[in-house]
Amino acid sequence: AQSVTQLGSHVSVSEGALVLLRCNYSSSVPPYLFWYVQYPNQGLQLLLKYTSAATLVKGINGFEAEFKKSETSFHLTKPSAHMSDAAEYFCAVTPNTNAGKSTFGDGTTLTVKP
Amino acid sequence: EAQVTQNPRYLITVTGKKLTVTCSQNMNHEYMSWYRQDPGLGLRQIYYSMNVEVTDKGDVPEGYKVSRKEKRNFPLILESPSPNQTSLYFCASSLSRQGNEKLFFGSGTQLSVL
Numbered sequence: 040a041q042s043v044t045q046l047g048s049h050v051s052v053s054e055g056a057l058v059l060l061r062c063n064y065s066s067s068v069p070p071y072l073f074w075y076v077q078y079p080n081q082g083l084q085l086l087l088k089y090t091s092a093a094t095l096v097k098g099i100n101g102f103e104a105e106f107k108k109s110e111t112s113f114h115l116t117k118p119s120a121h122m123s124d125a126a127e128y129f130c131a132v133t134p135n136t137n138a139g140k141s142t143f144g145d146g147t148t149l150t151v152k153p
Numbered sequence: 135e136a137q138v139t140q141n142p143r144y145l146i147t148v149t150g151k152k153l154t155v156t157c158s159q160n161m162n163h164e165y166m167s168w169y170r171q172d173p174g175l176g177l178r179q180i181y182y183s184m185n186v187e188v189t190d191k192g193d194v195p196e197g198y199k200v201s202r203k204e205k206r207n208f209p210l211i212l213e214s215p216s217p218n219q220t221s222l223y224f225c226a227s228s229l230s231r232q233g234n235e236k237l238f239f240g241s242g243t244q245l246s247v248l
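So the protein lines, in turn, are chains A and B.
Numbering-wise, the working numbering comes out as the position in the first sequence, counting from 1, plus 39.
Numbering-wise, the working numbering comes out as the position in the second sequence, counting from 1, plus 134.
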């Protein structure tokens with residue numbers, strides 16, 4: 040069974056600092072990988088996704104993530120945090136073998152301090 | 135506007151009283167899915183549907199039912215709700231059965247079972 044681990048349920052950074060949110064997955068075959076963001080009182084929206092075309096994936100709002108097969112990781116980064124980035128972030132995987140199943144991590148709440 | 139619409143947004147009910155949460159999408163998506171979100175547990179998949187009349191269990195299907203009689207609708211039914219089903223529920227859809235398709239989420243339904 041696949042699983043997703045997000046290290047750190049809460050991450051706090053200063054405005055302008057680097058954002059790093061960690062995601063590791065367990066799967067015998069590299070799955071499809073996603074990062075979603077949830078703003079307060081809203082549903083989730085896609086930030087970016089990895090589908091094997093390129094290991095470095097660029098998403099919306101200046102976020103990017105790098106797929107590292109050897110480390111089974113898909114960490115999310117942004118060079119300079121903005122106050123509007125404060126939200127909850129979820130890493131998710133869908134296996135190649137069963138496109139219907141989706142597994143989400145527990146989420147990381149990002150706080151941005153002025 | 136392309137969207138996934140869930141109703142109601144908030145619902146308070148009592149143990150054992152049957153309820154239905156509706157979900158409708160206007161994007162002609164093949165795939166639809168239900169999730170529940172609980173603090174510290176991320177999103178957990180309840181049921182999903184790859185197409186009309188095709189549904190399958192996710193990770194936490196106990197106590198829930200679904201049906202997919204039409205492509206646009208995917209209601210979630212709780213025939214005898216219990217307090218442990220108090221949660222935030224999200225419906226999501228995607229264009230196709232391909233695992234690399236992004237999910238579009240509804241705004242959520244906050245359910246409280248007393």
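Even for Gly, the Cβ is constructed at its ideal location relative to N, Cα and C.
What's the call for residue i, buried or exposed, on a 16-neighbour Cβ count within 10 Å?
i: methionine 122 of chain A; result: exposed
i: valine 188 of chain B; result: exposed
i: proline 153 of chain A; result: exposed
i: glutamate 196 of chain B; result: exposed
i: serine 65 of chain A; result: exposed
i: glutamine 154 of chain A; result: Residue coverage of chain A in this structure runs from 40 to 153, which leaves residue 154 of chain A outside it and unanswerable.
i: proline 142 of chain B; result: exposed
i: proline 173 of chain B; result: exposed
i: serine 183 of chain B; result: buried
i: isoleucine 146 of chain B; result: exposed
i: serine 53 of chain A; result: exposed
i: serine 167 of chain B; result: buried
Given a cut-off of 7 Å on the beta-carbon distance, is the pair residue i and residue j in contact?
i: glycine 55 of chain A; j: serine 119 of chain A; result: yes
i: leucine 72 of chain A; j: phenylalanine 113 of chain A; result: yes
i: alanine 126 of chain A; j: threonine 150 of chain A; result: no
i: glycine 150 of chain B; j: serine 214 of chain B; result: yes
i: valine 76 of chain A; j: glutamine 84 of chain A; result: yes
i: arginine 170 of chain B; j: aspartate 193 of chain B; result: no
i: arginine 206 of chain B; j: tyrosine 165 of chain B; result: no
i: valine 148 of chain B; j: leucine 248 of chain B; result: yes
i: serine 228 of chain B; j: valine 138 of chain B; result: no
i: alanine 138 of chain A; j: glycine 233 of chain B; result: yes
i: glutamine 244 of chain B; j: tyrosine 181 of chain B; result: no
If you reduce the DSSP assignment to three classes, tell me which class residue i lands in.
i: glycine 101 of chain A; result: helix
i: methionine 122 of chain A; result: helix
i: serine 241 of chain B; result: coil
i: glutamate 135 of chain B; result: coil
i: lysine 197 of chain A; result: What the structure shows of chain A is the stretch from 40 to 153, and residue 197 of chain A is not part of that stretch, so it cannot be assessed.
i: asparagine 185 of chain B; result: strand
i: threonine 136 of chain A; result: coil
i: glutamine 159 of chain B; result: strand
i: valine 148 of chain B; result: coil
i: serine 48 of chain A; result: coil
i: threonine 233 of chain B; result: Per the sequence shown, residue 233 of chain B should be read as glycine rather than threonine. Three-state result, glycine 233 of chain B: coil.
i: arginine 170 of chain B; result: strand
Taking 6 Å as the limit between beta carbons, can you name the residues of its chain near residue i, skipping five residues before and five after?
i: glycine 98 of chain A; result: Leu86, Leu87
i: asparagine 63 of chain A; result: Thr44, Thr111, Ser112
i: lysine 117 of chain A; result: Val58, Gly101, Phe102
i: arginine 61 of chain A; result: Leu46, His114
i: glycine 242 of chain B; result: Leu222, Phe224
I want to see whether chain E comes within less than 7 Å of residue i, judged by CB atoms only; does it?
i: threonine 116 of chain A; result: Protein chains A and B are contained in the structure displayed, whereas chain E is not.
Just to confirm my understanding: we take residue i, look at its own chain, exclude 5 residues before and 5 after, and list those with CB closer than 8 Å. What are they?
i: valine 68 of chain A; result: Pro134, Asn135, Thr136
i: lysine 236 of chain B; result: Ser228
Can you name, in chain order, every residue of its own chain whose Cβ lies under 7 Å from the Cβ of residue i, other than the five neighbours on each side?
i: aspartate 145 of chain A; result: Gln45, Ser48
i: threonine 142 of chain A; result: Gln41, Ser42, Val43, Ala131, Val132
i: serine 51 of chain A; result: Thr150, Lys152
i: proline 70 of chain A; result: Gln41, Tyr64, Val132, Thr133, Pro134, Asn135
i: glutamate 105 of chain A; result: Thr94, Leu95, His114
i: histidine 163 of chain B; result: Ser227, Ser228, Leu229
Comparing the CB of residue i with every heavy atom of the ligand SAM, is any distance shorter than 6 Å?
i: serine 65 of chain A; result: Judged by which ligands are present, the structure shown has none, so any question about the ligand SAM falls away.
Please give the ranges of any beta strand (DSSP E) in the stretch 188 to 231 of chain B, keeping only runs that are unbroken, at least 3 residues long and fully inside the region. 188 to 191, 210 to 212, 221 to 228
Unbroken stretches of the beta strand (DSSP E), 3 residues or longer, contained in the stretch 59 to 106 of chain A: Whole beta strand (DSSP E) segments, 3+ residues: 71 to 77, 83 to 89, 95 to 97.
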